[in-house]
């Protein structure tokens, strides 16, 4: 008798290459996507034309040309160093320019160094930074103590048209349209020229109080469970974790309500929080992110949308014909060494 | 400056009562749902009629009458005892009668005792049981080595009408209709009289190989990340975790492809796996599950659908007006002591 376990090993062998040095988080979808891509006419004709034989998500990602990948701007890459390793976060200034600017200031003035991860709530978030219970709170230096909310961005009709957004054809219950804004999971409403970050696994946001203006970036969270999309447009999304999610997701859950740790001893110290731009190039993590406007990404998403299509001997027996926004993992890899 | 952290503590204080003795998993949604329920006319008039003032999910769950709760049949309750504690699973014989029967046989013949959790893949699954790499595999006794797939159940028109299903009005991308089948997250298609278990957080399924008939219940998995709904109708769902998810979700991720552990030392032993029915009543965990056909559940779901509605001073500023199936947590509690 074959088993799911054995299937999984076979599947893994097909794309483990792109996972080299990366966490299983960023590889999770590729590793699951071991079914062919056969784009239906109504979605990606370009992809259809370039896909002569069924290929899996992993096959497509592994074969993607160099120009399908982008190197995040070091000014937008944050390293969260904890005792178990390094979490790499990409900030999204196009979604929340003021909050991202404030977070850069906090990082450069070492605000986070010596603070800790203070919360781990199962199937929801981990949260770090602002210790809160400490009175007085750590001074935030020259960062702004309060910011106007950036829960969403409402643009002029012209700016909305220009705003980079790679839409999915798949319908969504929380947004009029979903897709990828400047490479980040997002929703948008063409009727109001509004765009916002979507709370998918690994997305990073700014903790706030009841007041919309009460967030300043000193308290940040990452989603570690099923996408709490009801948070969309209610709190400011500032980026997503590119590498190291398992370092956050396996943290013991806090025993106080909402997963806060009961004692400082239970918290995870932030040894250092830095911007890639402030480190020598030789000390930066050479991550590359697949461009969501690349044909390779379009083909890879189609492989997720119709797992098993055209592969009667594959594991998947019934292609969904649909992919939910947060089930699309934007591929991340370490820059290949020539 | 208030912080998200402080908000969270305030919110928690409102419903922590129902969480007593339960994991944050089962409390996660109540703890997050600190906004009022104001059912719109198009959904639940009954709930609307019974809701004079906005109440939060937590308020509604805490105030639910005794008849809004059910005690799972001990024949369907599995205790997975690992070194860190007990995971309580409710089996769903209405979704997969043959697989559930085989799992009961495996449990009663102590098949799982001494086996282990062999896989933890970030944002996907943990998997236990059938060791697979061991050759020969542990004999499965009088359990059936192979079963016809129960990926979905296709019923007669009459049986489909009678099949307990509490539908959500909210649209879904993976199913024609979604809701709760015999109290479990599910999808269905009235055109084909078909119903199936949906892969939400905490759902338990039967590992299989490429062959649809290759699953027998000796290898089981639980979802620990964003709902992989593309698995729906491709693999047999047999139940869900009622209590103890954090014991599974924080397990270190395996370092082999797909999260399999590289060495036996990394696995988590299953000290004992038992059916509640086989233990004295005094040794059973007195869990109760909210009935998905109760007015309280309808009202509670509406509180999740429109968090913040009617509460301008609450944390949520923009009610979603929608709730995705897997963002509905079916409340679980310990039976109140008189």
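Residue numbers (this note's numbering), protein chains in the order written: chain L, 57 to 394; chain P, 57 to 394.
For glycine and all other residues, C-beta sits at the position ideal for the given N, C-alpha and C.
Computed from a predicted model, the values in this text were never measured in an experiment.
Asked	Found
Stretch-stretch touch, CB-based, cutoff 8 Å, three pairs: the stretch 108 to 128 of chain P with the stretch 262 to 277 of chain P	no
Spatial distance of residue 173/L from residue 203/P (CA atoms)	46 Å
Any C-beta of chain L under 7 Å from that of residue 386/P	no
Three-state class that DSSP yields for residue 328/L in the structure shown	strand
Closest by C-alpha distance to residue 271/P, when choosing among 294/P, 235/P, 249/P and 255/P	294/P
DSSP-derived helix/strand/coil call for residue 85/L	Any reading at residue 85/L must be qualified, since the residue scores a pLDDT of 32, below 50, and its modelled position is unreliable; the value itself is stated next. Helix at residue 85/L.
Own chain partners of residue 79/L with C-beta closer than 7 Å, once the 5 adjacent residues on each side are dropped	For residue 79/L, the pLDDT reaches just 26, beneath the cut-off of 50, and the residue's location in the model is therefore unreliable, although a value from the coordinates is still provided. Excluding positions up to five away in sequence, the list reads 299, 300, 301 and 302.
Below-7 Å beta-carbon distance, residue 380/P vs any chain L residue	yes
Cα-Cα separation between residue 149/P and residue 392/P, rounded to whole angstroms	27 Å
Residue 402/P at chain L interface by Cβ criterion, 7 Å	With chain P represented from 57 up to 394, any question about residue 402/P goes unanswered, as that position is not in the structure.
Range of the contiguous beta strand (DSSP E) that encloses residue 240/L	240 to 245
Within chain P, the residues that residue 372/L reaches when beta carbons sit closer than 8 Å	286 and 290
Cβ neighbours of residue 134/L in the same chain (closer than 7 Å, five flanking residues each side left out)	145, 147, 163, 329 and 331
Interface positions of the stretch 207 to 231 of chain P facing chain L (Cβ-Cβ less than 8 Å), listed along the chain	207, 226, 227, 228, 229 and 230
Spatial neighbours of residue 379/P in its chain, beta-carbon cut-off 8 Å, leaving aside the 5 residues before and after	224, 226, 357, 360 and 361
Neighbour flag for residue 346/L against chain P, beta carbons, 7 Å	no
Backbone CA spacing between residue 322/P and residue 176/P [nearest angstrom]	10 Å
Where the beta strand (DSSP E) containing residue 379/P begins and where it ends	Unbroken run through residue 379/P: none, as it is neither H nor E.
Stretch pair the stretch 370 to 389 of chain L + the stretch 233 to 244 of chain L: three plus CB contacts closer than 8 Å	yes
Inter-stretch contact at 8 Å, needing at least 3 Cβ pairs: the stretch 125 to 132 of chain P / the stretch 340 to 348 of chain P	yes
Contact residues within the stretch 138 to 169 of chain L, judged by C-beta distance below 8 Å to chain P	none
Beta-carbon spacing of residue 324/L, residue 138/L below 7 Å	yes
Proximity of residue 143/P and residue 279/P at Cβ, strictly below 7 Å	no
Amino acids of chain L, ordered along the chain, whose beta-carbon sits closer than 8 Å to that of residue 369/P	266
Pick from 207/P, 200/P and 245/P that is closest to residue 217/P, judged by C-alpha positions	245/P
Nonlocal neighbours in the same chain, by C-beta distance under 6 Å from residue 220/P, ignoring five residues either side	238
Option nearest residue 110/L by Cα separation, candidates 386/L, 394/L, 376/L and 368/L	368/L
C-beta neighbour in chain P for residue 283/L, strict 7 Å	yes
C-alpha distance - residue 234/P paired with residue 210/P, whole-angstrom precision	16 Å
Alpha carbon of residue 256/P to alpha carbon of residue 205/L, nearest angstrom	32 Å
Contacts around residue 169/P, its chain only, beta-carbon distance under 8 Å, and the 5 residues preceding and following it disregarded	326, 327, 328 and 329
Closer than 6 Å: residue 151/L CB and nearest the ligand NAD heavy atom	Looking for the ligand NAD in the displayed structure turns up nothing, as the structure carries no ligands at all.
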